[in-house]
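K.L.:
With positions in the sequence shown counted from 1, the corresponding number in our numbering is that position plus 659. Where a beta carbon is used, it is the ideal one built from N, C-alpha and C, also for glycine.
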Amino acid sequence: MYGYHNRIARVNLTEGKVTYEELPDEVIRKFIGGKGLGYYLIYREVPPGTDPLSPANKFVFAPGGMTGLVPGSSKVIAVSKSPETRLISDSSGGDAFGPKLKGHFDALIIEGKSEEPVYLYVHDGKVEILSAEHLWGKGNYEVAKEIWKEHPTASMAMIGPAGEKMSRIANVVYDTERASGRGGLGAVLGSKKVKAVVVEPGEKPKVANPEEFQRLWQEYYNEFATNPKYEHTRNYGTTDGMRGSASVGMSPAYNFSRPYIPDELASKLAGDEVKKYEVEPEWFVHGKSCPIKCARYVEVEYKGRKIRVKPEYESIAMLGAATGVFNFPAVAYFNWLVNNLGLDSIATGNTIAWLFEMVEKGLIGEDEIGFPVKGFGDEEAEEKLIKLMAERKGIGAILADGVKRACERLGRGCEFAVHVKGMEAPAWDPRGRRTYALSYATADVGASHLRGWPRPHQLPNQGPAKELVPSLIESRDESYITDMLGTCKFVPYKLEDLARLYSIVTGEEWTVEELRRRAWGVESIARIHDALDWVTPPLDDTIPPRWWEPEPDGPAKGNAAFIDYNDFLEARREFYRLRGWHEELGVPLPETMEELGLPEFKEDAERALEVVKKRMGL
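(1) With a Cβ-Cβ cutoff of 9 Å, do residue 786 and residue 677 count as a contact?
(2) In three-state DSSP terms, what is residue 1182?
(3) Does the contact criterion of 3 or more C-beta pairs under 8 Å hold for the segment 1176 to 1192 versus the segment 884 to 891?
(4) Would you mind sorting residue 1218 into buried or exposed? The rule is 16 or more other CB atoms within 10 Å of its CB.
(5) Is it buried or exposed for residue 740, if we count other Cβ within 10 angstroms and need 16 for buried?
(6) Would you say residue 900 and residue 855 are within 9 Å of each other, going by their C-beta atoms?
(7) Where does residue 1035 sit, in a helix, a strand or coil, going by DSSP?
(8) Among all the DSSP beta bridges, which residues are the ones paired with residue 718?
(9) Is the beta carbon of residue 708 less than 9 Å from the beta carbon of residue 735?
(10) Let me check one thing: in DSSP terms, what residues is residue 966 bridge-paired to?
(11) Excluding the five sequence neighbours on either side, which residues of its own chain have a C-beta within less than 6 Å of the C-beta of residue 1032, listed in chain order?
(12) Express the C-alpha separation of residue 1243 and residue 1075 in angstroms, rounding to a whole number.
(13) If the criterion is Cβ atoms closer than 9 Å, does the pair residue 1008 and residue 1053 meet it?
(14) Considering only the beta carbon of each residue, do residue 1199 and residue 749 sit closer than 9 Å?
(15) What are the start and end residues of the alpha helix (DSSP H) that includes residue 1235?
(16) Where does residue 1279 fall in DSSP's three states?
(17) Going by Cα to Cα distance, which pick from 724, 770 and 732 is closest to residue 668?
(18) Look at the alpha carbon of residue 923 and the alpha carbon of residue 1196, and state the distance between them as a whole number of angstroms.
(19) Use the C-beta contact count for residue 1223: other C-beta atoms within 10 angstroms, 16 or more gives buried, fewer gives exposed.
(20) Decide if the segment 1159 to 1172 is in contact with the segment 904 to 918; the criterion is three or more beta carbon pairs, one per stretch, under 8 Å apart.
(21) To which residues does DSSP link residue 1240 through a beta bridge?
(22) Starting from residue 799, trace the alpha helix (DSSP H) in both directions and tell me its first and last residue.
(23) Tell me, please, whether the segment 705 to 724 touches the segment 805 to 814 by the rule of three or more beta-carbon pairs shorter than 8 Å.
(24) Cutting at 7 Å between CB atoms, please list the residues of its own chain near residue 1095, excluding the five before and the five after it.
(25) Take every Cβ of the segment 1222 to 1239, pair it with every Cβ of the segment 912 to 926, and state whether three or more of those distances are shorter than 8 Å.
(26) From the DSSP output, in three-state form, read off residue 931 for me.
(27) With distances taken from CA atoms, which of 1108, 1080, 792 and 1150 is nearest residue 1189?
(28) Any idea what DSSP makes of residue 867, helix, strand or coil?
(29) Who pairs with residue 1188 in a beta bridge, going by DSSP?
(30) Helix, strand or coil: which one does DSSP assign to residue 1263?
(31) So, helix, strand or coil for residue 676, using DSSP?
(32) Along the chain, where does the alpha helix (DSSP H) containing residue 972 start, and where does it finish?
(33) What did DSSP end up calling residue 880 once you bin it into helix, strand or coil?
(34) For residue 974, tell me which candidate among 837, 666 and 1069 has the shortest Cα-Cα distance.
(35) Any chance you could list the alpha helix (DSSP H) runs of at least 4 consecutive residues sitting entirely within the segment 1088 to 1141, in chain order?
(36) Taking DSSP as the reference, what is the three-state secondary structure of residue 1199?
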């Protein structure tokens, strides 16, 4: 099939064997690539109930259907069963790793477990398993230097010490500055003793219509690179997000207790402040083919130490505003530290913010923590805690697995632990946007800001949440489609553009409707697998207590995430109905799978319905 190599590499670490398989066109047409293909492979090969940190779990790197082919399409999607949530989980990462992997395979499956630390070396259409003894225990910045000495043209996915120690919030870091951050997928690689996957450039897959493709490539590139509409993104990237989220009462400030903060405070962690520290990016930071080039790269000095890092809004907000630290050099350093140690910046910030609130409320003190912690704004403590979490030492051993497990282990503070299904909330408080909390409640991975935004932007008390559910579903499909095709959400393609480009790449006719159907199908198989595993949607598709508290001030003052509990239930029922799922039980109906052209999942859908009914005592 044009746009693909129709090849999968499978690395069995237990046996030390690599095999290569054909990827049938029929599977590509149903699941496209990236997130879709990754979910299909995990669904097929990792049964519900599998322990995420056991050799039976598998890890898939899947570039998207157009990764490395169209402007702004650098994404690779990491997919596995999450050690944090026990759900099939995916997290996308950017820069050169995805396009380079796409030059060899449409997916790389890692299974089993190695006895000794290894890294995988992908080159010339094959994979070698090599010793990583010399890299084990080292931070990501040092590992990258070592690998580049040996393989100067390669890109890499790495785990830091946190992944080696199987922290359930460990991430996978690409070329030091990008990450598949969510869901603790770094711990899966750690459990398999895989320190890194190193990929050399390969051969780009051929496209069906090269002349037309080249013409469109140039057209889209010029439009995104020069249109004044996108100037703000080109100039700031995501770094100005703090001012936006704070102004509408959607920031995570002080562990989501003060979503509105005044502009002078928000500005200390926003675009113009970040700009003061900006330097020319390293050669590996900007996607060369990206017309937006929104990654900002900064150099700061903190405690006499100079560091360089690529900050994004989510990391700035969660390691800064959420913990009450409004000093940009400190926050940039924390960002560098979590990159180096291989921790998810969102989950780390959220968990530390929760601990700081525990301190403020007098629910934990120096005797248990092991050193004095002042509460919000304590930079010294935040630095110490990040290091302890990566090392699993002292209080860090309790925090290293995320906020849900931490509050359960300590037996207190769960009422202000902000997560959904065990995944920490990112830097957008849904009390400032009508129906948005439903996106968190129903998302496949737990709390994610990348699973659909309802439109238009209104406050929860401006009308029933149910009314905006169709727009949430549209936006969720769009998010899935970009993750299946491998394009970046900050490159402003319309779905019509993507359907047109994908048709020219593959030589087959793709419509927006068909892409949406594929997205809907992938969400439905994730839901079936999770229901067969442990999710009981009527009980688990919910939001944390904090978001039922009315906002204390600002433009969203008095708003909770929904008008009331009934408003939430009606919106959730509407979401299930429009998705072709059981209206009360939230499980895909067998006939929906048939309609989506996925009859092979009908039987599992029936079983999932029965399992959930039984759990509910029906």
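P.N.:
The answer reads as follows:
(1) Numbered from 1 along the sequence shown, position 127 holds the residue referred to as residue 786. Numbered from 1 along the sequence shown, position 18 holds the residue referred to as residue 677. Yes, they are a contact pair.
(2) As a first step, residue 1182 is located in the sequence shown; it is residue number 523 there, counting from the start. Helix, per DSSP.
(3) Verdict: no, contact absent.
(4) The residue you call residue 1218 lines up with position 559 of the sequence shown. The Cβ neighbour count for residue 1218, taken over all protein chains shown within 10 Å, is at least 16; the residue is labelled buried.
(5) The residue you call residue 740 lines up with position 81 of the sequence shown. The residue in question, residue 740, is buried, as its Cβ has 16 or more Cβ neighbours within 10 Å.
(6) Position 241 of the sequence shown holds residue 900. Position 196 of the sequence shown holds residue 855. In this structure, residue 900 sits away from residue 855, with a CB-CB distance that is not shorter than 9 Å.
(7) The sequence position of residue 1035 within the sequence shown is 376, counting from 1. Under the three-state reduction of DSSP output, residue 1035 falls in the coil class, being neither helix nor strand.
(8) On the sequence shown, residue 718 is found 59 positions in, with the first residue counted as 1. In the DSSP output, where bridge partners are listed per residue, residue 718 has 739 and 769.
(9) Within the sequence shown, the letter at position 49 stands for residue 708. Within the sequence shown, the letter at position 76 stands for residue 735. No; because the gap between Cβ atoms is not below 9 Å, this pair is not in contact.
(10) In the sequence shown, residue 966 corresponds to position 307, counting from 1. For residue 966, which the question treats as bridged, DSSP gives the partners 959.
(11) If you number the sequence shown from 1, residue 1032 lands on position 373. Annotation for residue 1032: 1018 and 1040 place their beta carbon closer than 6 Å to its own, counting only its chain and skipping 5 residues before and after.
(12) On the sequence shown, position 416 is the one that residue 1075 refers to. On the sequence shown, position 584 is the one that residue 1243 refers to. Taking the straight line from one Cα to the other gives about 28 Å.
(13) The count along the sequence shown starts at 1 and reaches residue 1008 at position 349. The count along the sequence shown starts at 1 and reaches residue 1053 at position 394. Going by C-beta atoms, residue 1008 is not nearer than 9 Å to residue 1053.
(14) Walking along the sequence shown from the start, residue 1199 turns up at place 540. Walking along the sequence shown from the start, residue 749 turns up at place 90. For residue 1199 and residue 749, no; Cβs fall outside 9 Å.
(15) In the sequence shown, residue 1235 corresponds to position 576, counting from 1. Per DSSP, residue 1235 belongs to the alpha helix (DSSP H) from 1224 to 1237.
(16) The first residue shown for the chain is 660 and the last is 1277, placing residue 1279 beyond what the model contains.
(17) The sequence position of residue 668 within the sequence shown is 9, counting from 1. Answer by Cα proximity: 770.
(18) Position 264 of the sequence shown, counted from the start, is the residue given in the question as residue 923. Position 537 of the sequence shown, counted from the start, is the residue given in the question as residue 1196. Residue 923 and residue 1196: Cα-Cα distance of roughly 42 Å.
(19) For the purposes of this step, residue 1223 is taken as residue 564 along the sequence shown, with counting starting at 1. Residue 1223 counts as exposed, since fewer than 16 other beta carbons sit within 10 angstroms of its beta carbon.
(20) Taking a contact to require three or more Cβ pairs closer than 8 Å, the segment 1159 to 1172 and the segment 904 to 918 do not qualify as touching.
(21) On the sequence shown, position 581 is the one that residue 1240 refers to. Per the DSSP secondary-structure output, residue 1240 pairs in a beta bridge with 1247.
(22) As a first step, residue 799 must be located in the sequence shown, where it is residue number 140. It spans 799 to 809 - the alpha helix (DSSP H) in which residue 799 sits, taken as one unbroken run.
(23) With a cut-off of 8 Å on Cβ pairs, the segment 705 to 724 is not in contact with the segment 805 to 814, counting fewer than three such pairs.
(24) For this step, residue 1095 is matched to residue 436 along the sequence shown. Cβ neighbours of residue 1095 beyond the five flanking positions: 1089, 1112 and 1113.
(25) Touching, no.
(26) Your numbering for residue 931 matches position 272 in the sequence shown. Residue state, collapsed to three classes: helix.
(27) As a first step, residue 1189 must be located in the sequence shown, where it is residue number 530. Of 1108, 1080, 792 and 1150, the residue nearest in Cα terms is 1080.
(28) Working through the sequence shown from its first residue, we reach residue 867 at position 208. Coil at residue 867, not helix or strand.
(29) On the sequence shown, residue 1188 is found 529 positions in, with the first residue counted as 1. Residue pairing of residue 1188 in beta bridges, as defined by DSSP: absent, with no partner found.
(30) In the sequence shown, counting from the first residue as 1, residue 1263 sits at position 604. Three-state DSSP puts residue 1263 in a helix.
(31) Residue 676 sits at position 17 when you count from the first residue of the sequence shown. Reduced to three states, the DSSP call for residue 676 is strand.
(32) Position 313 of the sequence shown, counting from 1, holds the residue named residue 972. In the DSSP annotation of this structure, the continuous segment of the alpha helix (DSSP H) that includes residue 972 starts and ends at 972 to 975.
(33) In the sequence shown, counting from the first residue as 1, residue 880 sits at position 221. Note: residue 880 maps to helix in three-state DSSP.
(34) The sequence position of residue 974 within the sequence shown is 315, counting from 1. The shortest Cα separation from residue 974 among 837, 666 and 1069 belongs to 837.
(35) Runs of the alpha helix (DSSP H) inside the segment 1088 to 1141: 1095 to 1101.
(36) Indexing the sequence shown from 1 puts residue 1199 at position 540. Here residue 1199 sits in helix by DSSP.
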